[in-house]
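Structure first, commentary second.
Numbering (the working numbering), first residue to last: 521 to 732.
So this is what it looks like as structure tokens:
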């Protein structure tokens, strides 16, 4: 799978905008921000563009934090990723001055299903670190295991499910996985990694739901 990333040059310090391009075909617009106003704008745009399906909206969800334990404590979530369709939010929640009410309402909406690999752990971490509640979640592993009638998929990783369901060979470089997600400025590699985790979570859910 070939992945390219393009950055739009913007005269702002509140956010950055990228296109993450898969195989010169699929373009995921990716907003990277710590600013509550930009988060609200992403949510508003997402709900407008998906108005016909708001009663059953699927949202890819993932989180990132620095993979190091200090004094027996796991690090706080640094980044929250959300993806609907080909629009992804990479929210640097660790550096946010406040968490907007619109995000709280979005995560708590019972009509929205947040999907991911081991998504229960992400949700538990968001609750513990930021008191953010996610009302409705679905783990892609158990969903895929049921749809594909393959029990072993209950223990699969994202790479495996992307290959089986989407038909793409996804790479997850360990150097990015273990990188400094708490940095104020994320590298292009981090942005691409964060985007693709959330995007493919959404895409797997979309394809599995279409098989009904």
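Don't be surprised by glycine CBs; every beta carbon is placed ideally from N, CA and C.
Can you give the beta carbon distance from residue i to residue j, rounded, assuming they're within the 8 Å contact cut?
{"i": "residue 540", "j": "residue 712", "result": "5 Å"}
{"i": "residue 550", "j": "residue 534", "result": "Residue 550 to residue 534, Cβ: 15 Å. No contact."}
{"i": "residue 714", "j": "residue 581", "result": "About 12 Å; that fails the 8 Å criterion."}
Near residue i, which residues of its chain fall below 8 Å by C-beta distance, leaving aside the five closest residues on each side in sequence?
{"i": "residue 618", "result": "556"}
Name the two residues that bound the continuous beta strand (DSSP E) containing residue i.
{"i": "residue 535", "result": "535-542"}
{"i": "residue 584", "result": "577-584"}
{"i": "residue 549", "result": "546-553"}
Identify, in the order they occur along the chain, each residue of the same chain with its Cβ nearer than 6 Å to the Cβ of residue i, setting aside the five sequence neighbours on each side.
{"i": "residue 628", "result": "653, 655"}
{"i": "residue 657", "result": "634, 639, 643"}
{"i": "residue 732", "result": "Any reading at residue 732 needs caution, since the residue's pLDDT is 44, under 50, leaving its predicted position unreliable; the model's value is listed next. So no residue of the chain qualifies."}
Per DSSP, what kind of secondary structure is residue i in: helix, strand or coil?
{"i": "residue 709", "result": "helix"}
{"i": "residue 682", "result": "helix"}
{"i": "residue 688", "result": "coil"}
{"i": "residue 633", "result": "strand"}
{"i": "residue 643", "result": "helix"}
{"i": "residue 623", "result": "helix"}
{"i": "residue 569", "result": "helix"}
To which residues of the same chain is residue i closer than 7 Å at the C-beta, ignoring the five residues directly before and after it?
{"i": "residue 685", "result": "664, 724, 727, 728"}
Can you tell me where the alpha helix (DSSP H) holding residue i begins and where it ends?
{"i": "residue 695", "result": "694-697"}
Just grab the DSSP bridge partners of residue i for me.
{"i": "residue 525", "result": "540"}
{"i": "residue 557", "result": "The partner list for residue 557 (beta bridge, DSSP) is empty, contrary to what the question assumes."}
{"i": "residue 715", "result": "Paired residues: none, contrary to the question."}
{"i": "residue 659", "result": "636"}
{"i": "residue 611", "result": "553, 600"}
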